[in-house]
Structure formats: structure tokens, C-alpha cells
Amino acid sequence: MNVILKEKIRPFYNFFLKVSGQLFHRGKKYICPFCGFLSNDLILIGGKADVLKKYEAIGAGRRRGSCWNCQASDKEKLLYIYLRDYAKIFDGSQKSILHIAPEFHLSNQILRCKNITYTCGDLFAEGYTYPNYVQYMDLLDLQLTDNIYDIVICAHVLEHIPDDKKAMSEIFRVLKPNGFAIIQVPLSKLLNKTLEDITIQDPKIRYKLFGQKDHYRLYAQCDYIKNLKDIGFEVEVRNISVENMKYGLNPMEDLYICHKK
Ligand SMILES: [Zn+2]
Numbered sequence: 010m011n012v013i014l015k016e017k018i019r020p021f022y023n024f025f026l027k028v029s030g031q032l033f034h035r036g037k038k039y040i041c042p043f044c045g046f047l048s049n050d051l052i053l054i055g056g057k058a059d060v061l062k063k064y065e066a067i068g069a070g071r072r073r074g075s076c077w078n079c080q081a082s083d084k085e086k087l088l089y090i091y092l093r094d095y096a097k098i099f100d101g102s103q104k105s106i107l108h109i110a111p112e113f114h115l116s117n118q119i120l121r122c123k124n125i126t127y128t129c130g131d132l133f134a135e136g137y138t139y140p141n142y143v144q145y146m147d148l149l150d151l152q153l154t155d156n157i158y159d160i161v162i163c164a165h166v167l168e169h170i171p172d173d174k175k176a177m178s179e180i181f182r183v184l185k186p187n188g189f190a191i192i193q194v195p196l197s198k199l200l201n202k203t204l205e206d207i208t209i210q211d212p213k214i215r216y217k218l219f220g221q222k223d224h225y226r227l228y229a230q231c232d233y234i235k236n237l238k239d240i241g242f243e244v245e246v247r248n249i250s251v252e253n254m255k256y257g258l259n260p261m262e263d264l265y266i267c268h269k270k
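The opening position of the sequence shown corresponds to residue 10 in this note's numbering, with each subsequent residue numbered one higher.
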């Protein structure tokens, strides 16, 4: 199915999920941090590619993770719980945040905070529509001055970019000293080396090798951390998922909190 058709059908599909959730999936096991919906399970999401299963990819692959009512994913809920309960960005203090390829529910929460200067950017992929608070932005060439953001959020973007190290360095450049970026990618802890070939253009081959037709790589965790450190980040790998299972997070998914000292 092409992207344009998928986007047209999406609202009807989401409505179907919502009704299904209300009728058949109510319970007490999980609570959605965005909409408060209480459920006994979560929507099955993620890619089915064999390579994701073989290397036990985290942040990809088949799993139960999304809210029946609002469809927020486990990845988006994880970002929100960290920013709300650990980084405490909603404490009323002044902050500046750059959000690349912004997640919808998370953006809605941040937009409510008038003390946060919030910039959202995306590359405007063909066939997708974007809210009016999102501006065109090329992560390889940010038209922004150095050292201006306290926080950068960039989740599941780098695997779509051939020159991911340039993108990492742009994030580093616009962060203030003592700021941090949360940079998430699909990765494997089993791989010793990132699976990557940026010359492959065939979507079917990319799907087979990297797990998704528009990905250039499947990261090995060790390589990923090394790449971030080479850029200059101090990398904090933190798991808050296990202690927050009531929100329906993936217990295997860590946060990569990249500090600029
Ligand atoms: Zn929800």
C-alpha cells in the first residue's frame, strides 16, 4: 500500500482501534500516560522482518506497545515518562527544546508549557501531512546557531539518514554546554558491528538486511555508543522502562541520553 493511501486510511483505522479498545481491552494492567486509558493489553506493533527477530532488535520488531485509545507507542511513552518524571521538564522553569521529527502526543504535552521555547522540525516526506507547529528542517544542515538548546529530542531518525554522524554532530552543535539530547535508534545488543550499506537503494533489500524498507542500517549498540562518543557526547545509557511497566513500555528499551559537557 502506498504512503498517500495509508495516510488517508489512518484516521479510520485509528478510530477502529479506539472502539475496539473501549469494547474489548479495558483492564487495570496498563495506564497510558497521555490519555489515561486503562487496559489489560496493548496494540501489537512493529516490523516483522526476520533480521529484527534474529538480532533481537530493540525499538523495532514485533511487540505489544501502543495504547488502544490514543495509539501512542511504547517509544513515545518512554520519552515522555523520562522528560516528565526524571528530567522534570514540566516544572515551570524556562527551557529551550528542539524536537526532530516530533512525536504527536509528546509534542502536545510540551506545547502546553508556555515556559518552554519549543522548535519542531522535519524533512517533510512526500505523502505525509504535518501540524503547523512543525517547520522544514534538514538535520544534516540545521539553519540554527551553535549552543542554543537545553534539550534535543531525536528518536528513530538517524537510521533513515546515510550520513548519520553528520546528523549527530549537528545535534551536538546546537546543544548548549550542559544540555542533553535523547537520541534513540533501533539497535541490537547481539551485533558486534552495525549492519549498514548506504549504497543499497532497493527497498526490498533494505527490508531484508536492516528490517525496514527505508532504513540504511541496523545499529549494533556498541558501535552506536562509540559513534556518539566520537562526536563528543558523554553517553548515559539508562533503563527506566522496567520500573515503569504500568505504562506499557518495552522492558528492553534503554534511553540514550547524550550530554554535552
Ligand atoms: Zn493513550
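By construction, the Cβ of each residue, glycine as well, lies at the ideal position given by its N, Cα and C atoms. All values reported here derive from a predicted model rather than from experimental measurement.
So for glutamate 205, helix, strand or coil by DSSP?
Numbered from its first residue, the sequence shown carries residue 205 at position 196. In the structure shown, glutamate 205 sits in a strand (DSSP, three-state: E or B).
Can you tell me the Cα-Cα spacing of glutamate 3 and glutamine 80, whole angstroms?
Here the chain covers residues 10 to 270 and nothing more, so residue 3 does not appear.
When DSSP labels each residue in this structure, what does glycine 70 get in the three-state scheme?
For the purposes of this step, residue 70 is identified with residue 61 of the sequence shown, where counting begins at 1. It is coil, neither helix nor strand.
Would you decide whether tyrosine 95 is buried or exposed? Buried here means 16 or more other CB atoms lie within 10 Å of its CB.
The sequence position of residue 95 within the sequence shown is 86, counting from 1. By the neighbour-count rule (16 or more Cβ atoms within 10 Å), tyrosine 95 is not buried but exposed.
Is the stretch 193-202 in contact with the stretch 119-128, if contact means three or more CB pairs nearer than 8 angstroms?
As far as the Cβ criterion goes, the stretch 193-202 does not touch the stretch 119-128, which means the pair count is below three.
By the DSSP assignment, the beta strand (DSSP E) with valine 108 in it spans what residues?
Your numbering for residue 108 matches position 99 in the sequence shown. Contrary to the premise, residue 108 reads as histidine rather than valine in this sequence. Its beta strand (DSSP E) spans residues 104-109.
Among the candidates Thr154, Asn156 and Ile180, whose CA atom is the shortest distance from the CA of alanine 164?
Position 155 of the sequence shown, counted from the start, is the residue given in the question as residue 164. Minimum Cα distance to alanine 164 is reached at Ile180.
Quick check: the stretch 214-229 against the stretch 247-258, are there 3 or more CB pairs under 8 angstroms?
As far as the Cβ criterion goes, the stretch 214-229 does not touch the stretch 247-258, which means the pair count is below three.
Apart from the five residues on each side of it in sequence, which residues of its chain come closer than 7 angstroms, Cβ to Cβ, to serine 105?
Indexing the sequence shown from 1 puts residue 105 at position 96. Closer than 7 angstroms at the Cβ level, and outside the excluded window around serine 105, lie Thr126, Ile157, Tyr158 and Asp159.
What is the residue span of the alpha helix (DSSP H) that phenylalanine 113 lies within?
For this step, residue 113 is matched to residue 104 along the sequence shown. Per DSSP, phenylalanine 113 belongs to the alpha helix (DSSP H) from 113-120.
Going by the beta-carbon positions, is the gap between alanine 58 and lysine 217 smaller than 8 angstroms?
Numbered from 1 along the sequence shown, position 49 holds the residue referred to as residue 58. Numbered from 1 along the sequence shown, position 208 holds the residue referred to as residue 217. Yes, these two residues count as a Cβ contact at 8 angstroms.
Since glutamate 179 is in the alpha helix (DSSP H), which residue starts that stretch and which ends it?
Sequence index remark: in the sequence shown, residue 179 carries index 170 (1-based). Looking at the DSSP string, the run of the alpha helix (DSSP H) that includes glutamate 179 is 173-183.
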